[in-house]
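Only one structure is covered here, and it is reproduced in the block below.
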Amino acid sequence: MDYAVISDVHGNLEALNAVLADIFSREAQAAGGKRTMLFLGDAVGYGPNPNECVDAIKKHASQGVAGNHDWAVLGLTGTGSFNPYAKEAITWTGSILSPETRASIEGLPLVKRVEEDGLFLVHGSPLEPEKWHYLLSFSQAKVNFEHFKEKICLIGHSHLPFIMERSPSGEITAYKDGAELDKAGCRYIINAGSVGQPRDGDPRACYLLLSGMRAEFVRVPYDIGATQQKMRAAGLPLPLIERLQKGL
Ligand code: ZN
26 MDYAVISDVH GNLEALNAVL ADIFSREAQA AGGKRTMLFL GDAVGYGPNP NECVDAIKKH
86 ASQGVAGNHD WAVLGLTGTG SFNPYAKEAI TWTGSILSPE TRASIEGLPL VKRVEEDGLF
146 LVHGSPLEPE KWHYLLSFSQ AKVNFEHFKE KICLIGHSHL PFIMERSPSG EITAYKDGAE
206 LDKAGCRYII NAGSVGQPRD GDPRACYLLL SGMRAEFVRV PYDIGATQQK MRAAGLPLPL
266 IERLQKGL
């Protein structure tokens, strides 16, 4: 396996470009050729550059799935569960979305399987992907392990990076920074964290590397002030601007 996994970009082009540069520089150093890039949804919403982000993701990611913000901007899912700021950002995003971006988002499936490496991709959860459940607790993980058959399920949505491991006897163990995925009979649910709006208290962009049988989160600093300035100019809600520097 040799994958770079990105999720929850949310129109933050500075964060996305920093992550892409980090991925490319690792490729150049490793001389092992190109890493396959996977995208776990929410290209748009919150941030000031939805068109540019969708464009870059389309160019670099070979497989991807749709997130709830992607669907919301197309009107495919309601914004009832969104807070007022998220709703406002979706309305703004919809007003500047190009027809090409719209078409690219429409082409994203809800789930995707990468059979050769036993990967299952979904934005929220394998259980009822169209309902955008959050998958955070051990008990939620236990239920969700029954809803995909692959060895590894990759998710996004909560913007909180983690690895959950299920042993053959059903025991769940969580890892924070990275883990070996080679224990006999174990299966995994991994949240790749968020490129464009981290919420674990670390404001740096986050993505996931799958190299061989090792999973590891990478944090990449980016010009948060530049993104915030664009958000101000676009008139996006202040709490969405301020949360970027807190990583919450
Ligand atoms: Zn998101």
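Residue numbers (the numbering used here): 26 to 273. Positions of the beta carbon are idealized from the N, C-alpha and C atoms, including for glycine.
Asp33 has its Cβ nearer than 6 Å to a heavy atom of the ligand ZN. By the 16-neighbour rule on beta-carbons within 10 angstroms, Tyr232 is buried. Shown here, Glu125 sits in a helix according to DSSP, grouped into three states. The beta-carbon distance between Gly226 and Lys176, rounded to whole angstroms, is 30 Å. This is too long to meet the 8 Å contact definition. It is roughly 16 Å from the alpha-carbon of Arg224 to the alpha-carbon of Ser162. For Lys137, the enclosing beta strand (DSSP E) stretches over residues Val136 to Val139.
Annotation note: the segment 168 to 225 contains no uninterrupted alpha helix (DSSP H) run of length 4 or greater.
Taken through DSSP and simplified to helix, strand or coil, Met256 comes out as helix.
Assigned with DSSP and collapsed to three states, Ser164 falls in helix.
Pairing Leu65 with Ser106 gives a Cβ-Cβ distance that is not under 7 Å. Asp47: member of the alpha helix (DSSP H) spanning Leu38 to Ala55, first to last residue. Contact annotation: the segment 187 to 198 does not touch the segment 131 to 151, with fewer than three C-beta pairs closer than 8 Å. In terms of side-chain proximity, the C-beta atom of Asp67 is found nearer than 6 Å to a non-hydrogen atom of the ligand ZN. For Arg268, the uninterrupted alpha helix (DSSP H) run begins and ends at Leu263 to Lys271, by DSSP.
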